[in-house]
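So the sequence shown is numbered by numbering that gives the first Met the number 0: it starts at 0 and just counts up by one. Don't be surprised by glycine CBs; every beta carbon is placed ideally from N, CA and C.
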Amino acid sequence: MEFITLNNGVSIPRLGMGTWYLGEKLSVREEEIEALQRGIDCGMTLIDTAEMYGNGLSEQLVGQAVKGYRREDLFLVSKVLPQNAGESRIRRSLNHTLRMIRTDYLDLYLLHWRGSIPLAETVRCMEELVKEGKIRAWGVSNFDTDDMEELFQVSGGENCAVNQILYHLGSRGIEYSLKPWMDAHGVVLMAYCPLAQAGSLQRELLMHPVLNKIAGAHHITVIQLLLAFVLHKENVTAIPRSGNAAHVQANAEAMKVRLSEREWMEIDHAFPAPEYKCCLDIV
Ligand SMILES: NC(=O)c1ccc[n+]([C@@H]2O[C@H](COP(=O)([O-])OP(=O)(O)OC[C@H]3O[C@@H](n4cnc5c(N)ncnc54)[C@H](OP(=O)(O)O)[C@@H]3O)[C@@H](O)[C@H]2O)c1
């Protein structure tokens, strides 16, 4: 697995796994655990979850899946809801998350999206949690360029290590200003929905002749090509989600995909990055 070094020196895997909707159905629990364990065994040791997902059920599933692994070999990420990201509630939220995941620290804790609690208060809390050893790094999610600028005005805000945002080949708006801003300020991009939810966020992706031609030439699926696209960018870590072990393994293999400059140019031509500022896509 390749790693990126965060602004505080912590190493983060370039490819991990998402867990939205996982853990909610008892009937597929064993399959989902098998999928997460397959991913870890393939080197995708980063698992992203959130207190919101199934109201703790996804975190609980993660806890069950990682039980037999050494904690230091894993990179566990969770997200606090905006209404809980202040002095009065963040510890309760984090402690609940830690209990669900059966661990005593997180590698990364993210503010799920911006709410009404002042950024300065959330940053203060995050910094305290780092000092207490309960989290190794902190970040945000769904922050656009203006939110990041505001965050960096706040004392300690520049310690934000990651912004988790929607990024896939069919949604390249962030390449215009947000990603360059993050690159310049040392904030790593964690790409959510890197598979465009298996194409359901943009149907034309899976059918597109250029993507099918290039995927065919490399003996990979268009889904793997979508993942290779985000991984080809610098300063990006991606968290595709799957409850299916074979799919997870296919995702891990996307790390090895190497396209020629000409092929990347063809893809850019078919799905160009915008030349103007677009609103941040959110699901
Ligand atoms: N911060 C936020 O606001 C936010 C928002 C959305 C998501 N997220 C995080 O990002 C993660 C990823 O986003 P996402 O779950 O929305 O979408 P995604 O990862 O783009 O796509 C997930 C879908 O792709 C399918 N899939 C996965 N691998 C596949 C493969 N190799 N071949 C075919 N189908 C495949 C999955 O079905 P199978 O299970 O059948 O494989 C699932 O339907 C989430 O799980 C969550 O952790 C964060």
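Leaving out five residues on either side along the sequence, give the residues of the same chain with a beta carbon under 8 Å from the beta carbon of residue i.
| i | result |
| --- | --- |
| E30 | G242, N243, A244 |
Quickly, what does DSSP pair residue i with across the bridge? List them, please.
| i | result |
| --- | --- |
| W137 | Y108 |
| F151 | F151 pairs with nothing; no bridge assigned. |
| T236 | M189 |
| G15 | L45 |
| K78 | L109 |
Within this structure, are the beta carbons of residue i and residue j separated by less than 7 Å?
| i | j | result |
| --- | --- | --- |
| L165 | C192 | yes |
| L118 | V153 | yes |
| Q223 | A195 | no |
| G15 | I238 | yes |
| V122 | G155 | yes |
| V61 | L73 | no |
| R13 | T236 | yes |
| S77 | T102 | no |
| G22 | L56 | yes |
Report whether the distance from the Cβ of residue i to the nearest heavy atom of ligand 1 is below 6 Å.
| i | result |
| --- | --- |
| I46 | no |
| S170 | no |
| P239 | yes |
Buried or exposed, going by whether 16 or more other CB atoms sit within 10 Å of the CB of residue i?
| i | result |
| --- | --- |
| T4 | exposed |
| C159 | buried |
| I89 | buried |
| R261 | exposed |
| Y108 | buried |
| R257 | exposed |
Looking only at its own chain, which residues have a Cβ that is under 7 Å from the Cβ of residue i, when we skip the five neighbours before and after it?
| i | result |
| --- | --- |
| R37 | A244, V247, Q248 |
Short of 6 Å in beta carbon distance, which residues of its chain neighbour residue i, apart from the five on each side in sequence? Order them along the chain.
| i | result |
| --- | --- |
| S10 | F2, T4 |
| A142 | Here residue 142 turns out to be Phe, not Ala, going by the sequence shown. Hits under 6 Å: N162. |
| T48 | T18, S57, E58, V61, S77 |
| L128 | I134 |
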